[in-house]
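The structure appears below as structure tokens.
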Amino acid sequence: MNRLSTSWGDLALARYPEDPRDTLRAWDASDTYLLHHLEEEGVDLSGTVVVVGDRWGALTVVLADHSPVQITDSFLGRRATEANLARNGRADAGVRLLTARDTPPSRIDVLLVRVPKSLALLEDQLHRLAPATHAGTVVVGTGMVSEIHTSTLRLFERIIGPTKTSLAVRKARLIHCAPDPALPRTPSPWPLRYALPGDVRTVAGRTVVNHAGIFCAERLDIGTRFLLDHLPERSGPERVVDLGCGNGVVGTAMALANPEATVVFVDESYSAVASAEATYRENVSPDATGSGAEFVVGDALSEVADGSVDLVLNNPPFHSHRATTDTTARRMFADARRALRPGGELWVIGNRHLGYHVRLRRLFGNCETVASDPKFVLLRAVRR
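Quick note, the sequence shown lines up with residues -14 to 369 if you use my numbering.
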């Protein structure tokens, strides 16, 4: 945990879940640059303040006394915000927490945007928020220089209004945008749909639904394809988890291959779980809530009971925003072992260089290679 000193107070902030081994802070130079700008310019925060994409809640917690509305696609980011509000005595400050799938406020007077890694997610967010802005809305985006590109500025310009950038400070930059009420407020083009290739086993030619920000939202990524080509053949009333489900294509493939299975789709992204549910509805059952499927937004398998699962399928991410880390994978593997019944299996697809087999052998006491190619390896570990 680190402390962030601002004119709004000296705050203790941490990422979520807290890990004493994690040296990464809950804010960066782009957050402090934005806060300094708000103070220096004396921006009026008495109206409706909306904070979008606040990764670990730093901006929301600092501005808590102004009752901001936080909009995030991350379950972990939302939990971090809740925890940071509580540890700084601001849990009752009137902050509203919305997800990227919730309806945004009808009027926005100050819009603060932490530029996301995904340009598609930014496009969707701006389309959804633009109708609530007005000529007097203060719109400020922030991000590291490496995250703000010409395409980023064009999105603000096309959807909100005239845009310019600040000078770089500590490798961070601000985006200043003046809303133009005369611009047409067109709906977001997301979600997108595409048909899978005709040679992908169970789901050949099936339709996949993708909300903005989902990994490889416009095509089937090669890692998932490799996993789909080698899915375990199962039967009977098993409980299967698609962990880090993304658009849900892997879990949907298992549901089609074994209609008796209950498939649990889990991701920390609200948009990912919404995509998975839409993909499942499109291909398996239009009534997803009344079928053999569950859709869970959560931290790994924290919402899944111990010893309740027969099979976990996992393609873990190895990035946390700009940082390369195996923290998420380690948490997923440990949660999978806890959730699996004795004899239950964890199947993991990953790049060969990540060395997941070492972690799995240490955790499960066993690990075998199911399939591999020059880029990927598919591993299987059994809960003894």
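For glycine and all other residues, C-beta sits at the position ideal for the given N, C-alpha and C.
The structure displayed is predicted, hence computed values, not measured ones.
In summary, Arg204 is exposed, with fewer than 16 beta-carbon neighbours lying within 10 Å of its beta-carbon over all protein chains present. Annotated three-state conformation of Pro327 is strand, per DSSP. If the five residues before and after Ile144 are omitted, its C-beta is found closer than 7 Å to the C-beta atoms of Leu111, His112, Ala115, all from its own chain and listed in chain order. As summarised for the region 210 to 253, the continuous alpha helix (DSSP H) elements at least 4 residues long and confined to that stretch are 234 to 242, given in chain order. Across the structure, Ser31 and Pro244 are spaced so that their CA atoms are roughly 54 Å apart.
DSSP lists Ala157 as the bridge partner or partners of Met129. An exposed status is given to Gly27, since fewer than 16 other beta-carbon atoms sit within 10 Å of its beta-carbon.
The residue from Val248, Lys156, Phe141 with its alpha-carbon nearest to that of Leu168 is Phe141. Taken through DSSP and simplified to helix, strand or coil, Val80 comes out as coil.
By the criterion of a C-beta distance shorter than 6 Å, Met129 is surrounded in its chain by Ser15, Lys156, Ala157, once the five residues flanking it on both sides are discounted. Gly335 is bridged by DSSP to Val362.
Secondary structure note for Val54: its beta strand (DSSP E) is the uninterrupted segment 54 to 57. A straight line joining the alpha-carbon of Arg99 with that of Glu25 spans about 19 Å. Distance from the Cα of Arg266 is smallest, within the candidate group Thr192, Ser256, Tyr255, Arg365, for Thr192. Counting only the Cα atoms, Ala120 lies some 42 Å from Ala285.
Between the alpha carbons of Val297 and Arg0 lies a gap of roughly 26 Å.
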